[in-house]
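Student: Structure in structure tokens, see below.
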Amino acid sequence: MYPSFWAQFHDFFETALYWFASTFNLTAEFAKIRGALEEFFWAMESIFEGLFHYIPSLLSGGFFGY
Numbered sequence: 469m470y471p472s473f474w475a476q477f478h479d480f481f482e483t484a485l486y487w488f489a490s491t492f493n494l495t496a497e498f499a500k501i502r503g504a505l506e507e508f509f510w511a512m513e514s515i516f517e518g519l520f521h522y523i524p525s526l527l528s529g530g531f532f533g534y
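In structure tokens, the structure reads:
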């Protein structure tokens, strides 16, 4: 099975940050914020998965119980 869009985006973003950190010698600074980045991506994925589940049910009348 193929990885989800968010998993691919997370990997791309993390790779870009590692490149940026190593290019400009910021690896120690990046290590400090890595946990916060993981929490941010987890929260964004949860929000968008919820929206992709909730909005179609609203559009199909699921909110009103039809």
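For the sequence shown, this note's numbering assigns the number 469 to the initial residue and increments by one for each residue that follows.
All C-beta atoms, glycine included, are put in the ideal place defined by N, C-alpha and C.
#1: For residue 492, which of helix, strand or coil comes out of DSSP?
#2: Taking Cβ positions, are residue 495 and residue 489 nearer each other than 7 Å?
#3: Please report the straight-line C-alpha distance between residue 498 and residue 505, rounded to a whole angstrom.
#4: Since residue 520 contacts residue 474 with CB under 8 Å, what's their CB separation in whole angstroms?
#5: Hey, how far is the Cα of residue 523 from the Cα of residue 493?
Tutor: In brief:
#1: coil
#2: Taking 7 Å as the cut-off, the beta carbon of residue 495 is found closer than this to the beta carbon of residue 489.
#3: 10 Å
#4: No, residue 520 and residue 474 are not in contact; Cβ-Cβ is about 11 Å, not under 8 Å.
#5: 43 Å
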